[in-house]
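Everything below concerns the one structure shown next.
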Amino acid sequence: MANFFWILSKLDVRNVIDILLVAAVIYGVLLMLQGTQAVQLLRGVILLAIIISLFGSIAQLTAFNWLLKSTGQALLVVAAIILQPELRRALDRLGRAGGWALWSQREVQVEQVIREIASACKALSERRHGAIIVIERETGLQDHIETGVLIDSLVVEPLLLTVFYPNTALHDGAVIIRGNRVVAAACVLPLAETIISDTHLGTRHRAAVGITEQTDAIAIVVSEETGIISMARNGRMVRYLDERRLIALLQAILMKPQPKTRRTGRSQLDKPEKS
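What the sequence shown shows, in our numbering, is residues 183 to 457, in sequence order.
Structure, rendered in structure tokens:
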């Protein structure tokens, strides 16, 4: 602890500026990677590197510090290779005119989005049109968005009904919603790694469970064969929803619910589905 305070006492204006510049570079990299799954990995690596470096400096571990300096450049190359797709997309986004506007925060009318989705699912269910709608939350889905066709339109019922109309170019895939906008359609999702007990569930249901296993997204599925509306969260699925129950569940998750609503939403989604 004495060494730590000694280091603090030696800080001057130049050192503070140096630290702030490093922090600005790290923040800029995280900002460029925003919206991808790699940002969580990068944050963990940076945090671990900072903790190890501080520990080695304060404890004056000569051999350990030498090892860090020797392997630091190699680790940077390895990280660049691992994050190559995300870095390419981030640099491409940065080079576009007005690219920074993509990161601006927009006010989202959650209630309206929920009702548009629920109304569309009801209509799709009545018509037996299969659909899968994914709602992005904290974990970015940019990797999956880029597998589909970019749309960037407000979430409205007619658009969702048109996208999932049978035999159209975009119906065979997932719609991904970010905030109050449909950002892409015909997106490819990972299939579930866990075994789904109900053998009658098809690819859409397995994709819905798969994306919620890997991220904190919410996936809503309308069965093409039965018209049953289901919703997946945290790798688990609740089925046999109607418009009213779907609205209640989405409000409990996406909005700030009252205590009773929160308990209802959690109990329904956290219990395994009975086959």
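Every residue, glycine too, gets a C-beta built ideally from N, C-alpha and C.
Asked	Found
Classification of THR394 by the beta-carbon crowding that lies within 10 angstroms, buried from 16 upward	buried
Residue span of the beta strand (DSSP E) that contains LEU423, given as start and end	418 to 423
Boundaries of the beta strand (DSSP E) in which SER335 is found, first to last residue	331 to 336
Same chain, Cβ closer than 7 Å to GLN396, five either side skipped, listed in chain order	PRO372
Those residues which DSSP pairs with SER412 across a bridge	VAL403
Rounded separation between ALA367 and SER301 - CA only	18 Å
Three-state secondary structure (DSSP) of ALA461	Nothing can be reported for residue 461, as the shown portion of the chain is limited to 183 through 457.
Spatial distance of VAL391 from ALA206 (CA atoms)	38 Å
Residues that DSSP places opposite ARG363 in a beta bridge	LEU336 and ARG360
Opening and closing residue of the beta strand (DSSP E) in which ALA351 lies	Careful: ALA351 lies outside any beta strand (DSSP E) and carries neither H nor E.
Straight-line gap, GLY355 to ALA434 (C-alpha atoms, nearest Å)	26 Å
CA-to-CA distance, VAL204 to VAL195, given in whole angstroms	14 Å
The segment 304 to 312 / the segment 336 to 348 touching (three or more Cβ pairs under 8 Å)	yes
Host beta strand (DSSP E) of ALA313 (start-end)	313 to 317
Neighbour flag for ALA305 against chain D, beta carbons, 8 Å	Absent from the structure is chain D; it holds one protein chain and no more.
MET413 to GLU298 span [Cα, whole Å]	16 Å
Backbone CA spacing between LYS304 and GLY226 [nearest angstrom]	42 Å
For ALA368, the three-state DSSP class (helix, strand or coil)	strand
Whole-angstrom C-beta distance between ILE400 and ILE314, which should lie under 8 Å	Contact flag wrong, Cβ pair sits at about 11 Å.
Rounded separation between THR385 and GLU339 - CA only	24 Å
For VAL295 and VAL337, believed in contact at Cβ under 8 Å, the rounded distance	5 Å
ALA389 burial status per 10 Å Cβ neighbour count (16 or more: buried)	buried
Residue environment, GLY330, which counts as buried when at least 16 other CB atoms sit within 10 Å	buried
Status (buried if at least 16 other CB within 10 Å, exposed otherwise) for ARG360	buried
Alpha carbon of LEU229 to alpha carbon of THR408, nearest angstrom	48 Å
Alpha-carbon spacing of GLU293 relative to LEU431, whole angstroms	12 Å
Cβ neighbours of GLY417 in the same chain (closer than 8 Å, five flanking residues each side left out)	ALA374, THR376, VAL391, THR394 and GLU395
C-alpha distance - HIS353 paired with ASN197, whole-angstrom precision	57 Å
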